[in-house]
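Below is one structure, written out as C-alpha cells; the observations come after it.
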Amino acid sequence: MKKIVFLGDSITDAFHKMSVDEEKLGNGYVKIISEKLKERKKQVFIRNAGHDGFTVSGLLRLFEYDCMQHDPDLVSIQIGCNDAAVFMNTGKTLEAQEFAENYRRLLGRIKESTRAEILCMGPFIFPHPLEYANWIPVIKRIEEIEHEAARDMAARFLPLHDILNRTAEKEGYDAVTADGTHLTRYGAGIVADLWIGAAMEMGI
C-alpha cells in the first residue's frame, strides 16, 4: 500500500481536524483525491497534514511529526498563499522571510529523511474580490521559486494559478473559489484531477 502525505496550508487542511470520519481528510481536494483513487481501486494510505494559516516555515517546523514519521512513498506540497499574505499585509519581503531557502530546505529534508517522491503544487489567487489582483505578482514570483526548486531537486511541479483562473474566467469565479483564496467543491475537484494526472505519471 502506497503512503501519501499532503503538506500544506488551509487549502489542504480543509477543516480535516473537524472531520467526523476516521480518515480525517477534510472536505477539500485531499478528500476528493482519496475518493477518486478508491474508484480506481488504488490501495493507498492518505494523511492530510495541512494546517490553517501555515507558511513554508511552519511546514519545516512540524516536518518530523507531519511527514517523516509516516515513511511516505509520496509527499505532496501545497504552500505559498500565506507567505504572500505576510508580504502583502506587513511588507516583509519573500527574501526577508527566506521563502526560497526554506522551500528548498523542505524539499531537501524530504529527500534526506524519506524515500518519497515529491509532487509540488504552485500557489494561486483569484482577483475576486478585486483587491486580490494586487497579490498576483507575488503569487507568480512564489510559483517561479517553487518551480525552480522542484526542477533542481528532481521533484514534479504542478502549476495551478493560470489553470484555475482560466477556468474561473470561463465558468465564473464563484463556481471555482469561495473567497478568492479557497476553493469550492468544483474548484477542489479541478485540483484533484490535475494532481491525480501528475501522480499517475509518477507511477502512484
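Quick note: the UniProt record's numbering has the sequence shown finishing at residue 204, numbered continuously throughout.
The beta carbon of each residue, even a glycine, is placed where N, CA and C say it ideally should be.
Residues bridged to residue i [DSSP beta-bridge criterion]
i, result
"residue 202", "According to DSSP, which records beta bridges pairwise, residue 202 is partnered with nothing at all."
"residue 156", "119"
"residue 78", "8, 121"
"residue 47", "5"
"residue 177", "183"
Residue i versus residue j - alpha carbon distance
i, j, result
"residue 220", "residue 4", "Past the edges of the chain, shown from 1 to 204, lies residue 220, and the structure says nothing about it."
"residue 115", "residue 130", "43 Å"
"residue 57", "residue 184", "27 Å"
"residue 157", "residue 193", "15 Å"
"residue 44", "residue 107", "22 Å"
"residue 177", "residue 139", "16 Å"
"residue 67", "residue 91", "31 Å"
"residue 150", "residue 171", "31 Å"
"residue 34", "residue 40", "10 Å"
"residue 21", "residue 31", "11 Å"
"residue 179", "residue 128", "7 Å"
"residue 118", "residue 187", "23 Å"
"residue 169", "residue 88", "24 Å"
"residue 70", "residue 202", "20 Å"
"residue 122", "residue 103", "12 Å"
"residue 147", "residue 17", "30 Å"
"residue 42", "residue 62", "28 Å"
"residue 26", "residue 19", "6 Å"
"residue 137", "residue 105", "24 Å"
"residue 110", "residue 64", "10 Å"
"residue 173", "residue 83", "23 Å"
"residue 13", "residue 120", "16 Å"
"residue 85", "residue 167", "23 Å"
Option nearest residue i by Cα separation, candidates the options
i, options, result
"residue 126", "99, 89, 135", "135"
"residue 81", "166, 177, 11", "11"
"residue 191", "153, 124, 128", "124"
"residue 79", "143, 189, 169, 172", "143"
"residue 204", "171, 37, 102, 170", "37"
"residue 24", "51, 39, 83, 40", "51"
"residue 153", "169, 167, 112, 141", "112"
"residue 15", "137, 120, 53", "53"
"residue 72", "85, 48, 55, 83", "48"
"residue 100", "174, 141, 83, 145", "145"
Distance between beta carbons of residue j and residue i, contact taken as under 8 Å
i, j, result
"residue 8", "residue 77", "7 Å"
"residue 74", "residue 2", "7 Å"
Residue i CB to nearest heavy atom of the ligand GTP below 6 Å
i, result
"residue 9", "In the structure on display, the ligand GTP does not appear, and there are no ligands present to speak of."
**Asked** Quick check: the stretch 188-203 against the stretch 147-162, are there 3 or more CB pairs under 8 Å?
**Response** Touching, yes.
**Stretch pair the stretch 84-103 + the stretch 162-169: three plus CB contacts closer than 8 Å** = no
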